[in-house]
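Take a look at the structure set out below.
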Amino acid sequence: MRIIVQKFGGTSVATGAQRQALADRVLEAVRKGYRTVVVVSAMGREGDPYATDTLLGLARSVCPALPLRELDLLMSCGETISAVVVAGTLRARGLDALALTGAQAGIVTDSNYSDARILRVDPERMLRCLKEGRVAVVAGFQGMNDVGDVTTLGRGGSDTTAAALGAALSAEVIEIYTDVDGIKTADPRIVGQAKTLKVLSYQEVSQMAYEGARVIHPRAVEIAMRRDIPIRILSPSSPGPGTLVTHTTGLAVAAWPDIKEGRLITGVTHISDVAQISVTQPEGRADPEAALGVFKALADVGISVDLINVSPSAQVFTVAGRVAEKARDILAGLGHHVSVLPGCAKVTVVGAGMRGVPGVMAKVARALARSGISILMTADSHLTISCLVRQSDMAEAIRALHEEFGLEDEEDTPTHKEAGQ
Ligand code: ADP
Ligand code: MG
-18 MRIIVQKFGG TSVATGAQRQ ALADRVLEAV RKGYRTVVVV SAMGREGDPY ATDTLLGLAR
42 SVCPALPLRE LDLLMSCGET ISAVVVAGTL RARGLDALAL TGAQAGIVTD SNYSDARILR
102 VDPERMLRCL KEGRVAVVAG FQGMNDVGDV TTLGRGGSDT TAAALGAALS AEVIEIYTDV
162 DGIKTADPRI VGQAKTLKVL SYQEVSQMAY EGARVIHPRA VEIAMRRDIP IRILSPSSPG
222 PGTLVTHTTG LAVAAWPDIK EGRLITGVTH ISDVAQISVT QPEGRADPEA ALGVFKALAD
282 VGISVDLINV SPSAQVFTVA GRVAEKARDI LAGLGHHVSV LPGCAKVTVV GAGMRGVPGV
342 MAKVARALAR SGISILMTAD SHLTISCLVR QSDMAEAIRA LHEEFGLEDE EDTPTHKEAG
402 Q
């Protein structure tokens, strides 16, 4: 059996016209001989009746402190409705389609309500369905835990559903349909001239996703990478080739023996609404125990920290803006001197090509200085350089870096054979 998984995001299932475009893509796959699994998100964005954010608003209006278990049951409804509607659309187009909840599709998760991890997929029912020649339409973003409760997988969870099913069913390719025609050199909402990238490695995409490019969820990339299943990101209405995500490391170097300066960097990503927290020990006294306590206290309540800079007498780091006050209260409660700088953003340049290349940080600093943007903090890894800037400087910082690294002029011309065709 040649199996394909096709995931459609919220803006690809919202209207009748979009669902017809979706059906065109499914029919195309079926005609090519694929057994097809369709994974769907909830229909539309906040304001649409069954969109995830609308359901969240409903929950808040009923009870501000609804337990996460209850909230998950409500939030999962958006995708369930979407699965039935999409299966109905396919049925009307002559396909034998079956709508399934995450649980019915065999997705078993842990009990971390609202951000559950997929523990395993029991694929028997899906395989039966596909063997019978039916199209399985699975509600994304949801699973079931070992006590039989419905759980949800967190933001971008439908991507994870698609990847997990693709892995469990040994799919030939996972297609992610969304409202852009592929992964771009920056968020097109901020950089109008951002280019669509043709081929990227799993590593680059997972870095871009972790650093804020929400076009695909990083967990989905990791799941596909482990099983070496190619991912294609594309738009249902403008059927170009989109972006292929596969193992290009090594190949990338062979394909671009004269790597242009521009290809040093693959893209620029951002994370909005970050707060910088500075913790100092009384009278600036070095206290390694206290430093350890800071990070442990935050970890204990599930607050993740980023851009960490530790010196003997101070710890400076960032947290998501929405948890900044909570972090401050916890640390102040432990007797630390805490100051919070809200209204920051993290801007990151990502690129497999910059590994070991000197001068990238100098270019980053120069581009931001030229635009009059101050860098509040930096961090780097072998694929990334990140800068913390003020939220009000974020868009300009992204555009300055995009220009500095020549991303809009770049010819993206990989030469190796594309997989997943
Ligand atoms: P879906 O509902 O289909 O999952 P998302 O809103 O989660 O869609 O993801 C698509 C959005 O991701 C695009 O509309 C775009 O604004 C945003 N985005 C951010 N960074 C990038 C990038 N580098 N390339 C493409 N899209 C990006
Ligand atoms: Mg998404």
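Read in this note's numbering, the sequence shown has 52 at position 71, and its numbers run on one by one without any break. Glycine residues also receive a C-beta, built at the ideal position from the N, C-alpha and C atoms. Keep in mind it's a predicted model, so treat the numbers as computed, not measured.
Examine the ligand MG and report whether any of its heavy atoms sits within less than 7 Å of the Cβ of residue i.
i	result
G(-10)	yes
D29	no
G137	yes
R208	no
D140	yes
R213	no
L195	Per the sequence shown, the amino acid found at residue 195 is Arg instead of Leu. R195: yes, Cβ under 7 Å from the ligand MG.
Hey, would you say the C-beta of residue i is under 7 Å away from at least one heavy atom of the ligand ADP?
i	result
V19	no
P169	yes
M24	no
M(-18)	no
G283	no
G337	no
A346	no
G248	yes
K165	yes
D374	no
D160	yes
S(-7)	yes
M342	no
M189	yes
Going by DSSP, which residues form a beta bridge with residue i?
i	result
D281	None, per the DSSP bridge assignment.
N290	V297
C325	V255 and R371
H317	Looking at the DSSP assignment, H317 forms no beta bridge with any residue, so it has no partner.
K179	For K179, which the question treats as bridged, DSSP gives no partner whatsoever.
T408	In this structure the chain extends from -18 to 402, so residue 408 is not present and cannot be described.
D29	E27
A144	A144 is not bridged to any residue.
L245	Beta-bridge pairing links L245 to no other residue.
K165	T177
T224	I214
T90	I99
V260	Q296 and V319
T250	T329
Leaving out the 5 sequence neighbours to the left and right, which residues in its chain are closer than 7 Å to residue i when beta-carbon positions are compared?
i	result
V234	Only weak support exists for where V234 lies, its pLDDT of 45 falling under 50; the coordinates are left without a value.
L357	Q257, C325, L369 and V370
A68	A78, L79, A80 and V118
I240	For I240, the predicted structure reports a pLDDT of 41, less than 50, and the residue's modelled location is therefore unreliable. The matter cannot be settled from this model.
F424	This structure cannot speak to residue 424, because the chain is shown only from -18 to 402.
G135	S95 and D96
D91	A97, R98, L100 and N126
A267	P293 and S294
V291	A272
G401	With a pLDDT of only 36 at G401, under 50, the local geometry of the prediction cannot be trusted, and the value read off the model is given with reservation. E153, V154, P211, R213 and L225.
A190	I197, H198, P199 and V202
D140	K(-12), I157, I197, H198 and A201
At which residues does the alpha helix (DSSP H) containing residue i begin and terminate?
i	result
M342	V341 to R351
M403	Examination of residue 403 is not possible in this model, given that the chain is present from -18 through 402 alone.
T17	Not the alpha helix (DSSP H): T17 falls in the beta strand (DSSP E), residues R16 to V21.
Q123	Careful: Q123 lies outside any alpha helix (DSSP H), inside the beta strand (DSSP E) at Q123 to M125.
V67	L49 to A73
Between residue i and the ligand NAD, is there a pair consisting of the residue's CB and a ligand heavy atom that are separated by less than 7 Å?
i	result
M56	The ligand NAD is not part of this structure, which contains only the ligand ADP and the ligand MG.
Going along the chain, which residues of its own chain have a beta-carbon closer than 6 Å to the beta-carbon of residue i, five neighbours each way excluded?
i	result
E384	none
D254	G302
F(-11)	L3, V21 and Y158
L52	A40
I62	Y31
S259	V297 and S320
D34	E27
T177	D162, G163 and K165
L111	R16
I289	F298
For residue i, which residues from the same chain have a beta carbon less than 8 Å from its beta carbon, with the 5 sequence-adjacent residues on both sides left out?
i	result
L71	A4, V7, V19, A78, V116 and V118
S187	P199, V202, E203 and M206
G138	G121, F122, Q123 and H198
V89	I99, L100, R101, V102, D103, G124, M125, N126 and D127
T(-8)	Q(-1), G25, R26, T159 and D160
Which residue comes first and which comes last in the beta strand (DSSP E) that contains residue i?
i	result
I(-15)	I(-16) to F(-11)
M335	Element bounds for M335: n/a, residue is neither H nor E.
V11	Here V11 belongs to no beta strand (DSSP E); instead the alpha helix (DSSP H) covers G(-3) to R12.
T132	V131 to T133
E156	V154 to Y158
I197	Per DSSP, I197 belongs to no beta strand (DSSP E) and is neither H nor E.
A120	V116 to A120
A80	A78 to L81
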